[in-house]
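If you read the sequences in order, they're chains P and X.
Just so you know, the first sequence maps onto residues 1 to 211 in the numbering used here.
Just so you know, the second sequence maps onto residues 212 to 344 in the numbering used here.
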Amino acid sequence: MNLVHEPGLSFDTVALVCRVIEACRDAAVSQEAYLCDLDRAIGDGDHGTNMRRGLEALAAERQLLSAMPLSDAMIAAGTILVMNIGGAAGPLYGTLLLETGKGLSAGQIPFPQAFLQAVGAVAQRGRSSPGDKTLLDVLVPLSEALVKQTDMRCLAEEIQGFADMTIDMKAVRGRASFLGERSIGHMDPGAASCALFATTVCHELMETARS
Amino acid sequence: MSDRRENVGIVIVSHSPLVAKGAADMVRQMVGDSVPLAWCGGNPAGGLGTDMEAILRAIEDAWSEAGVAIFVDLGGAETNSEMAIEMIGKGRAARIVVCNAPIVEGAVIAAAEASGGASLAKVVATAQELSPS
Numbered sequence: 001m002n003l004v005h006e007p008g009l010s011f012d013t014v015a016l017v018c019r020v021i022e023a024c025r026d027a028a029v030s031q032e033a034y035l036c037d038l039d040r041a042i043g044d045g046d047h048g049t050n051m052r053r054g055l056e057a058l059a060a061e062r063q064l065l066s067a068m069p070l071s072d073a074m075i076a077a078g079t080i081l082v083m084n085i086g087g088a089a090g091p092l093y094g095t096l097l098l099e100t101g102k103g104l105s106a107g108q109i110p111f112p113q114a115f116l117q118a119v120g121a122v123a124q125r126g127r128s129s130p131g132d133k134t135l136l137d138v139l140v141p142l143s144e145a146l147v148k149q150t151d152m153r154c155l156a157e158e159i160q161g162f163a164d165m166t167i168d169m170k171a172v173r174g175r176a177s178f179l180g181e182r183s184i185g186h187m188d189p190g191a192a193s194c195a196l197f198a199t200t201v202c203h204e205l206m207e208t209a210r211s
Numbered sequence: 212m213s214d215r216r217e218n219v220g221i222v223i224v225s226h227s228p229l230v231a232k233g234a235a236d237m238v239r240q241m242v243g244d245s246v247p248l249a250w251c252g253g254n255p256a257g258g259l260g261t262d263m264e265a266i267l268r269a270i271e272d273a274w275s276e277a278g279v280a281i282f283v284d285l286g287g288a289e290t291n292s293e294m295a296i297e298m299i300g301k302g303r304a305a306r307i308v309v310c311n312a313p314i315v316e317g318a319v320i321a322a323a324e325a326s327g328g329a330s331l332a333k334v335v336a337t338a339q340e341l342s343p344s
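See below:
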């Protein structure tokens, strides 16, 4: 399906944005302990809690967000995430949404291109590249798949695989990099949460396309 | 000693409010109150971590037309500080620097330099001499 990038959304899109936010909030709540466990292995153990706090703050504003043009909604959502996630993930997720929103509003570029640019901004913010065992290991292949207009169903099935690839990687950024070689063998929590939310969004979009 | 508000401001951002406050106490005791100084620590829920909104407030509190030097501990403190600098607007963003220096020693030596009326560039350079490049 084609993501709307026009101001003035239809009623259906309003409902869709609400459902996507709720589904991500539910995913964050149900996977909080899992994400904390992953983070405890190679970081400070609060990633699940931070993401849950961020997504709950986002969900509290879902009515307001869903009534906005998508570009403005992404910018507002990014700001909410930065303010509420805290930790290193806040600026990264915040930058992803903020920059996607800016791309949609400034350049009239389609969603996949705006997302691709935003992923570049996240890389800059974290001074990381793919292969560094971060959420970029999910975001980069995801954005490339969106640009290639990969079938949503195939993509939804592939995403977790991107996060799984981080298990064998050695961390060179973030707290996990203090562990060096010992970071190998653990999935990166940022990549795991990113895969979780991306898969959740894909499922909501497919659900909508079906109905 | 030059007027306090004309001197470069110092902001301390730690994951721990105790570390941030402790570092700020050391600056006040060793350098005095001739530089604008603010600190923040902890995440939005009050646990260990960093909070961009609190960093923005600290920058406002320590604001000086001469600029502000920020001292951070771990990764999230740095990225959240950079995010706060972006949010504060282009006019002032150019006069705010996140220093690559140890948080306690960096803040103290930077404040000492700033208390003598040094420029932002000089304050930052002095603090960054502490870190092997």
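The beta-carbon is built from N, C-alpha and C at its ideal position, and this holds for glycine as well.
In angstroms, rounded to a whole number, what distance separates the CA positions of residue i and residue j?
| i | j | result |
| --- | --- | --- |
| Arg25 of chain P | Val309 of chain X | 33 Å |
| Thr261 of chain X | Glu204 of chain P | 32 Å |
| Ala280 of chain X | Ser225 of chain X | 14 Å |
| Lys133 of chain P | Gln240 of chain X | 42 Å |
| Gly300 of chain X | Lys148 of chain P | 35 Å |
| Leu331 of chain X | Thr337 of chain X | 10 Å |
| Asp72 of chain P | Gly107 of chain P | 13 Å |
| Asp237 of chain P | Leu97 of chain P | The first residue shown for chain P is 1 and the last is 211, placing residue 237 of chain P beyond what the model contains. |
| Val201 of chain P | Gly233 of chain X | 44 Å |
| Arg175 of chain P | Ala41 of chain P | 11 Å |
| Phe282 of chain X | Ala15 of chain P | 44 Å |
| Met74 of chain P | Ala209 of chain P | 21 Å |
| Ala76 of chain P | Glu297 of chain X | 15 Å |
| Ile184 of chain P | Asp168 of chain P | 5 Å |
| Ala123 of chain P | Ser326 of chain X | 37 Å |
| Met206 of chain P | Ala198 of chain P | 12 Å |
| Ser143 of chain P | Thr150 of chain P | 10 Å |
| Ala237 of chain X | Glu276 of chain X | Here residue 237 of chain X is Met; the residue named in the question, Ala, does not match the sequence. When rounded, the distance between both Cα atoms is 24 Å. |
| Ala322 of chain X | Val246 of chain X | 7 Å |
| Glu217 of chain X | Ala273 of chain X | 11 Å |
| Thr100 of chain P | Ser177 of chain P | 28 Å |
| Pro112 of chain P | Val29 of chain P | 28 Å |
| Pro7 of chain P | Glu316 of chain X | Note that Pro7 of chain P scores a pLDDT of 47, beneath 50, so its modelled location is shaky; the value from the coordinates is reported in the next line. Near 51 Å, if we compare the C-alpha coordinates of Glu316 of chain X and Pro7 of chain P. |
| Pro313 of chain X | Ser292 of chain X | 15 Å |
Beta-carbon within less than 7 Å of residue i's beta-carbon, same chain only, minus the 5 sequence neighbours each way: which residues are those?
| i | result |
| --- | --- |
| Ala295 of chain X | Met263, Ile266, Leu267 and Ile270 |
| Pro189 of chain P | Leu35, Leu38, Asp39, Gly43 and His47 |
| Gly45 of chain P | Cys36 and Asp39 |
| Ala231 of chain X | Ile223, Val224, Ser225, Trp250, Cys251 and Gly252 |
| Thr290 of chain X | none |
| Thr166 of chain P | Lys133, Asp137, Met187, Asp188 and Ala191 |
| Glu324 of chain X | Lys333, Val334 and Thr337 |
| Lys102 of chain P | Ile75 |
| Gly86 of chain P | Asn50 |
If I follow the unbroken beta strand (DSSP E) through residue i, where does it start and stop?
| i | result |
| --- | --- |
| Leu135 of chain P | That residue, Leu135 of chain P, is in no beta strand (DSSP E); it is neither H nor E in DSSP. |
Which partner residues of residue i appear in the DSSP bridge assignment?
| i | result |
| --- | --- |
| Ile281 of chain X | X:Val222 and X:Val309 |
| Trp250 of chain X | X:Ile223 |
Locate the alpha helix (DSSP H) running through residue i, then write down its first and last residues.
| i | result |
| --- | --- |
| Lys333 of chain X | Leu331 to Gln339 |
| Gly161 of chain P | Met152 to Asp164 |
| Arg303 of chain X | Lys301 to Ala304 |
| Lys148 of chain P | Careful: Lys148 of chain P lies outside any alpha helix (DSSP H) and carries neither H nor E. |
| Glu181 of chain P | From DSSP, Glu181 of chain P is part of no alpha helix (DSSP H); its letter is neither H nor E. |
| Pro228 of chain X | Pro228 to Val242 |
| Ile80 of chain P | Leu70 to Ile85 |
| Asp39 of chain P | Glu32 to Ile42 |
| Arg175 of chain P | Per DSSP, Arg175 of chain P belongs to no alpha helix (DSSP H) and is neither H nor E. |
| Glu289 of chain X | Gly286 to Met298 |
| Ile314 of chain X | Ile314 to Ser326 |
| Pro112 of chain P | Phe111 to Gly126 |
| Gln63 of chain P | Arg62 to Ser66 |
| Asp46 of chain P | No alpha helix (DSSP H) holds Asp46 of chain P; DSSP gives it neither H nor E. |
| Leu196 of chain P | Pro189 to Arg210 |
| Arg268 of chain X | Met263 to Asp272 |
| Leu98 of chain P | Ala89 to Ala106 |
Got a sec? Which residues, its chain only, sit under 6 Å from residue i by beta carbon, not counting five neighbours each side?
| i | result |
| --- | --- |
| Gly278 of chain X | Val219, Arg306 and Leu331 |
| Val335 of chain X | Ala280, Val308 and Cys310 |
| Gly243 of chain X | none |
| Ser128 of chain P | Thr134, Leu136 and Arg173 |
| Gly287 of chain X | Thr261 |
| Gly94 of chain P | Gly78, Leu81 and Val82 |
| Pro130 of chain P | Leu136, Asp137 and Val140 |
| Gln63 of chain P | none |
Kindly list, in the order they appear in chain B, the residues whose Cβ is closer than 7 Å to that of residue i.
| i | result |
| --- | --- |
| Asn291 of chain X | Protein chains P and X are contained in the structure displayed, whereas chain B is not. |
Quick check: the region 332 to 343 of chain X against the region 249 to 260 of chain X, are there 3 or more CB pairs under 8 Å? The answer is no - the region 249 to 260 of chain X does not touch the region 332 to 343 of chain X, with fewer than three Cβ pairs under 8 Å.
Decide yes or no for the touch test of the region 152 to 160 of chain P against the region 117 to 124 of chain P: beta carbon pairs closer than 8 Å, at least 3 of them. No, they do not touch.
Per the contact definition of three or more C-beta pairs closer than 8 Å, is the region 216 to 230 of chain X in contact with the region 17 to 24 of chain P? Not touching, per the Cβ criterion.
Decide yes or no for the touch test of the region 84 to 102 of chain P against the region 45 to 62 of chain P: beta carbon pairs closer than 8 Å, at least 3 of them. Below 8 Å, enough C-beta pairs join the region 84 to 102 of chain P and the region 45 to 62 of chain P to call them touching: three or more.
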